[in-house]
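Protein chains in written order, with my numbering: chain A, 1 to 256; chain B, 1001 to 1500.
Have a look at the structure below, then the notes.
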Amino acid sequence: MARAPQIKQEEACARLDATGVYYRELNQNVRELMASGCRDIVLDGVNGQRYIADGLMEAVKITINGVPGNDLGAFMDGPVLLVNDNAQDGVGNTMNSGKIVVKGHAGDVIGYGMRGGKIFVGGDVGFRVGIHMKSYREQVPVIVVGGRAGDFFGEYMAGGLMVLLGRGGADRPLVGDYLGTGMHGGTIYVHGEVAESQMGGEVRRFDLEDSDREFLRGILAEFSADLETDLADIEEDAFMKLRPFSHRPYGNMYCY
Amino acid sequence: MPGNMVTSEFLVDVDHQRCRRCKRCILNCGFGVFDFQSMTTADSSKCVACHRCVVFCPEEAITIRRNPLAFREHSSWDVDKRKAVWKQAQSPGMILTGMGNDLPWLNVFDHLLIDACQVTNPSIDPLREPMELRTFLGRKPDRVEVVPSDGGYRVQNPPENNIELDIPLIFSGMSYGSVSLNVHKALAIAAEKLGTVMNTGEGGLHQELYPYRDHIIVQCASGRFGVHSDYLNAGVAVEIKIGQGAKPGIGGHLPGEKIGREVSGTRMIPVGTDALSPAPHHDIYSIEDLRQLIYALKEATGYKPISVKIATVHNVAAIASGIARAGADIIYLDGFRGGTGASPAVIRDHVGIPVEIAVAVVDAQLRSEGIRNWVSIIAAGGVRSSADVAKAIALGADAVGVGTAALIAMGCRLCQKCYTGNCSWGIATQKPELVGRLDPDWAAERLVNLVNSWSLELKEVLGALGVNAIESLRGNRERLRSLGLDAATTEIIDVKPAGR
């Protein structure tokens, strides 16, 4: 997270029109701009190009106008990506640090194996979000979802923090089934009520403590600022806090 | 009621006349077999027959025997099956084991014979003539374009992004965590000396091994342990591990006891947490998803070759075709005899198919589709000797992967207790007092010796075959004959029976 600069509204040093540009060329262009010292890039007309910003290891801000394709920011380590639209599957796959802000909805498998940095999604997310997130020393990955989520939210979670606000889309359940299945680290905060039957067998509900409230206030203020949204409807006391009851859920599966 | 119905597998005898009470056995046994009151005593129930005490006893005073306790013979209920029932009736869990499948399944390697030249075409003496073992891993062009150059010819389109190896053998993925850091160091040192590569397994790469980057393949598995941009770029290729021969279709659970400070730092997870690898990659549910990860890794590494490792399962040929079409450069086939640090015995012993059959059908499938040149095939999981290497290559492999043989070279006795973390030889353990027993330089020298002697043997085999390059043996089933294999298997691997 140390490498992630705050998003600032300044004049970008380069704009690229991605209309009809193949992803390989687009990513090459971005890397060349970065090599020339540019640290604020705007991509216009993005339409499904995959792998944008994959594996980038430097602090750079990339604003994406249009819908980026799968694996946006995979393995990335430091950049800030701002998507002024929806995003597809695999956002922030195995990312190490940096920040991805998606104004609209995002697809399945967001933040898989993520180890650090932040992903903010204004709208809904699909299935398998935050699977196997893990934290390490000062690296604590955070996913905040403004809308609703599908099945397997936080499955196999080993560390980090996930916040689900559940705003809008009242015809959809707040979250799907198997919430936190196999979870053995980290914390999930859900704004609203989730039935026990929707949760994995490895999670328990805990009371909010002062440190939780402090974290929520800070992260929600940041989310609100980045997504330019007012969170007056979010009540701190309405959050459910879910944690695993063991760091070793499968310790008794074997006999010798 | 009796606490433990499972009788000892081995009996440990100490010859008290020879024993000079030096207590080396007590210090050396990782499993706590020995004790000393007024003389050395042994608790046979703890013995795993790893022979550490036997090797280090200066008086040869220790004997380990299989427990001769008689059981009423029963051809269906052999003793191991009865013992398994006792264990599981005592503790309601899966039976865990280590290393590779130890059941007496048919071994196809042992039913294949290699050809040699006699009279009509001369064999070659490798002592007098050069023998080429050099191997390139990665995609090859669809056709070779040559242009005249300096009175000869020059290849216009040489393969791009290939890994050059001096020998058709690499060290298989064994994670730091399942094995000790000294094992990783030994493999890296040996790989550099031998002109080949070692594979990190899925536990990340310790900082001390980054200098060996030209001889390392880094692995990206479902748990994504220790996977970050520096790591992905720390080797010559990235391997996506889908499956492992010893445990096809299941994930891995490295127990928290093995996650000490150094392993924690390399895997990038907190000390003492279980390292749980999900059974599938949750971003890969289809060939299209695999393609997505392959290209995400290529984008993140400047287009390094990508290997995809799978366990050999029933439909391996069709799966391999999908992997080749997904953009992989190398397909690593891990047979059902492949080793592991820990696997439920039911999976290790009963799931998958032999790599000998898998490599033959994958090679044939890719050739029939005209895409064999898109990928290199590595055959692993059951390669025990240079003869196996030659046979695997003749069945269609570009190279072989070796894990168990490498560990045996370092002292492993195949006691199959890797999952306990008590390895007396300092191999499959993270206990500092045990890890320190394996000197990486000593182990590396043994690995180099082993592989060099296999190379000499391979050259002899090539010479006998009358060819001077391993390339001439690749997929050359005409130089193999089967003996004692059933007709269906012989047809499936496309080898003629001996005499035909």
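From the three backbone atoms N, C-alpha and C, an ideal C-beta is built for every residue, glycine too.
Quantities reported herein were computed from a predicted structural model and do not represent experimental measurements.
Taking 3 residues as the minimum length, the beta strand (DSSP E) runs contained wholly in the stretch 1359 to 1429 of chain B are 1376 to 1380 and 1399 to 1402, in order along the chain.
With respect to G200(A), L179(A) sits close: the two C-beta atoms are nearer than 8 Å. I110(A) and D1080(B) have their C-alpha atoms roughly 46 Å apart. Burial check for P1002(B): the Cβ neighbour count within 10 Å stays below 16, so the residue is exposed. Where Q1292(B) is concerned, the enclosing alpha helix (DSSP H) starts and stops at I1287 to T1301. Against chain A, the CB of K1247(B) has no partner CB under 8 Å away; the residue lies outside that interface. Residue contact check for Y1210(B) against chain A: no CB pair falls below 8 Å.
In the DSSP assignment, P1497(B) is bridged to S1482(B).
The straight-line gap separating the alpha-carbon atoms of G1339(B) and A1237(B) is approximately 22 Å. Under DSSP, N1199(B) shares a beta bridge with G1173(B) and I1217(B). The Cβ atoms of S1424(B) and R1052(B) lie closer than 8 Å to each other.
Secondary-structure assignment with DSSP links V1146(B) through a beta bridge to V1155(B). Short of 7 Å from the beta carbon of P1440(B), and not among the five residues preceding or following it, lie these beta carbons of its own chain, in chain order: N1182, K1185, A1186 and I1189. In this structure L1069(B) does not touch A1345(B) by the C-beta definition: roughly 22 Å separates them, more than the 8 Å allowed. Using beta-carbon distances, P1278(B) counts as an interface residue toward chain A, with a partner under 8 Å. Counting every other CB atom within 10 Å of its CB across the protein chains shown gives Y1285(B) a total below 16, marking it as exposed. Excluding five sequence positions before and after F245(A), the CB atoms of its chain that fall closer than 8 Å to its own CB belong to E202, V203 and R204, given in chain order.
Looking from the CA of V1400(B), the closest CA among G1381(B), R1413(B) and S1180(B) belongs to G1381(B). Near chain B, meaning a CB-to-CB distance below 9 Å, the residues of the stretch 157 to 180 of chain A are A158 and G159.
N47(A) is bridged by DSSP to V67(A). Note on geometry: alpha-carbon atoms of N47(A) and A18(A) lie some 8 Å from one another. With the rule of 3 Cβ pairs closer than 8 Å, the stretch 1315 to 1326 of chain B does not count as touching the stretch 1223 to 1234 of chain B. Between G154(A) and K134(A) the beta-carbon gap is near 12 Å, outside 8 Å, which marks them as no contact.
For H1051(B), the nearest beta carbon of chain A is not closer than 8 Å to its own beta carbon. By alpha-carbon distance to V190(A), the top candidate from Y112(A), G166(A), A170(A) and G176(A) is G166(A).
Only those residues of the stretch 1285 to 1296 of chain B whose C-beta falls short of 7 Å from the nearest C-beta of chain A are listed: Q1292, Y1295 and A1296.
Looking at A1379(B), K1193(B) and I1167(B), the one whose alpha-carbon comes closest to that of R1446(B) is K1193(B). The beta-bridge partner set that DSSP reports for G185(A) consists of A158(A). The criterion of a C-beta distance shorter than 8 Å is not satisfied by T1301(B) and G1204(B). L1290(B) places its beta carbon 8 Å or farther from that of A1390(B).
Taking C-beta atoms under 8 Å as the contact rule, E1299(B) and G55(A) qualify, at a distance of about 6 Å. Beta-bridge pairing by DSSP links H191(A) to F239(A).
Residue pairing by DSSP places R1052(B) in no beta bridge whatsoever. In this structure, DSSP gives I1189(B) a helical state, which the three-state scheme calls helix. Membership of V1085(B) in the alpha helix (DSSP H) is indicated by the continuous run V1079 to Q1090.
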